[in-house]
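To start, the structure under review is shown below, and the notes come after it.
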Amino acid sequence: MNELKAKIKEEIKLLSEEKKTSFEKVSDYLFSNPELAFEEYKSQKALCDLLEENEFNVTKGVGGLETSFEAVYSNGTNGKTVAFLAEYDALPGMGHACGHNIIGTSSVGAGIILKEIMKKHNIEGTVKVFGTPAEERVGGKITMIKEGVFNNVDAALILHPSDASMPDDISFAQVNLKFDFTGKASHAAAFPWEGKSALSGVIALFNSVNSMRLHLKDYARVHGIITDGGSIHNIIPEKSTAIFNVRALSIEYLNEICEMLKNCAKGAAISTGTNVEIVQLDEIYKEIKNDSELVNIVRQNFEVLGEDYVERDLSQGIGSTDTGNLTHEIPAIQAYIKLKENTATHTDEFAVAAGGEEGKVALIKAIKVLAMCGVDILYSK
1 MNELKAKIKE EIKLLSEEKK TSFEKVSDYL FSNPELAFEE YKSQKALCDL
51 LEENEFNVTK GVGGLETSFE AVYSNGTNGK TVAFLAEYDA LPGMGHACGH
101 NIIGTSSVGA GIILKEIMKK HNIEGTVKVF GTPAEERVGG KITMIKEGVF
151 NNVDAALILH PSDASMPDDI SFAQVNLKFD FTGKASHAAA FPWEGKSALS
201 GVIALFNSVN SMRLHLKDYA RVHGIITDGG SIHNIIPEKS TAIFNVRALS
251 IEYLNEICEM LKNCAKGAAI STGTNVEIVQ LDEIYKEIKN DSELVNIVRQ
301 NFEVLGEDYV ERDLSQGIGS TDTGNLTHEI PAIQAYIKLK ENTATHTDEF
351 AVAAGGEEGK VALIKAIKVL AMCGVDILYS K
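If you use full-length UniProt numbering, the sequence shown corresponds to residues 1 to 381, in order.
Encoded structure:
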């Protein structure tokens, strides 16, 4: 079996190179046509067209999300189901500075390569490619989880471009909270004592949060902005709003911090004679819990490919992803493929790399690694 898998993985390398022109073309198209969350119609079409051309049965709009899709290829009625996760939404004003053109195309490409291998070697099982919109904003995967889209999937994989290849991941659980303070308007010069400043409530909230940070555990984050501080300086603001992002290394501690933050807001309202309404914006992203067996499979296939890698640690910078939610539900993994060394995501430099020759190299490497991992999963007991 090991000799057969080694032979198949060499075939995957060759096949990926043979088909790379079509994959690069789609990645370039996505890069040149960046679309924001839930607006990814062109990207959805480009990816789905490529899948349909390669014998996949494609359904658009799964899980109630218009720009999502599910592509399926089965060989036989038995075997495992391997899923690749495609992301393809862009960043406001920055295009594909997170490399989602590479993510979307690499997952589609891996599905196509794995399908070819399954046919050639008569490997039973199912390969699925899921189009998961709006990762950058509200977490399309979370809605798809709730709608049961990922039911009956044995393993789900995604490779994210980064400044180094890494077989594992760490991410924050995170949530956004909005604080709407309401007071009473009055003339700020003539009768200020008749007013209750909603802005003072927001400022008091920020001061409380600054005091709260002293008592937070390491790698917890609370940061906010004022989105409405009043309309004119000579009127005591009746309305004022702040939005805070909260992050922590576990969903449990995230919830604890949120309660602390809400208490800060309630105290701010009491101290300023105002009222506050607290609203959760969007879904909670859970921290990532990669399946340990999948981490080992990715690590082994980095070695098969000859790809240098480093192990993930807290010093490398941490973000959040809705893939984290999926790792709490089924065996799943987000790992990293090197795009450009010493270059952070969500920067102009990263975007240039994602759309250039470095992006093409990362794309084909990701396709090879993902497809090889798929073979290991289909052959596993």
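By construction, the Cβ of each residue, glycine as well, lies at the ideal position given by its N, Cα and C atoms.
No experiment lies behind these values; they were computed from the predicted model shown.
- For A37, no alpha helix (DSSP H) segment is defined, and its DSSP state is neither H nor E.
- If you draw a straight line from the Cα of E311 to the Cα of M166, it is about 6 Å long.
- Restricting attention to beta strand (DSSP E) runs no shorter than 3 residues, the region 182-239 encloses them at 221-228, ordered along the chain.
- CA-CA distance, V62 to I232, rounds to 47 Å.
- With contacts defined as CB atoms closer than 7 Å, F181 and A198 qualify as a contacting pair.
- For T67, the three-state secondary structure derived from DSSP is coil.
- Its chain contains N325, L326, E329 as the residues whose beta carbon lies nearer than 7 Å to that of I145, once the 5 sequence neighbours on both sides are disregarded; these appear in chain order.
- For I158, the closest of S200, E116, S106 by C-alpha to C-alpha distance is S106.
- CA-CA distance, H96 to F244, rounds to 25 Å.
- Contact holds between the region 200-215 and the region 258-276, because three or more Cβ pairs, one in each stretch, are under 8 Å apart.
- The beta carbon of M118 sits closer than 6 Å to those of N75, all from its chain and outside the five residues before and after it, given in chain order.
- Pairwise C-beta distances place the region 125-145 out of contact with the region 257-269, as fewer than three of them are shorter than 8 Å.
- Closest by C-alpha distance to K184, out of I235, A155, K141, A190, is I235.
- With contacts defined by Cβ atoms closer than 7 Å, L305 and F84 do not form a contacting pair.
- Residue pairing of I243 in beta bridges, as defined by DSSP: K178, I225.
- Counting other Cβ atoms within 10 Å of its Cβ, N301 reaches 16 or more and is therefore classed as buried.
- In the structure shown, the three-state DSSP call for T81 is strand.
- Judged by beta-carbon spacing, Y29 lies beyond the 7 Å limit of F56, meaning their Cβ atoms are not closer than that value.
- For H160, the uninterrupted beta strand (DSSP E) run begins and ends at 155-162, by DSSP.
- With a minimum length of 3 residues, the unbroken runs of beta strand (DSSP E) contained wholly in the region 261-314 fall at 275-285.
- DSSP lists G125 as the beta-bridge partner residues of N75.
- Sequence-distant partners of K115 (beyond 5 residues in either direction) whose C-beta falls short of 6 Å from its own C-beta, in its chain, are Y73, V127.
- Between T81 and V153, the C-beta gap is smaller than 7 Å, which places the two residues in contact.
- With fewer than 16 neighbouring CB atoms inside 10 Å of its own CB, P192 falls in the exposed class.
- Within the same chain, E124 come within 6 Å of N78 by CB-CB distance, once the 5 residues on both sides are set aside.
- For K381, no alpha helix (DSSP H) segment is defined, and its DSSP state is neither H nor E.
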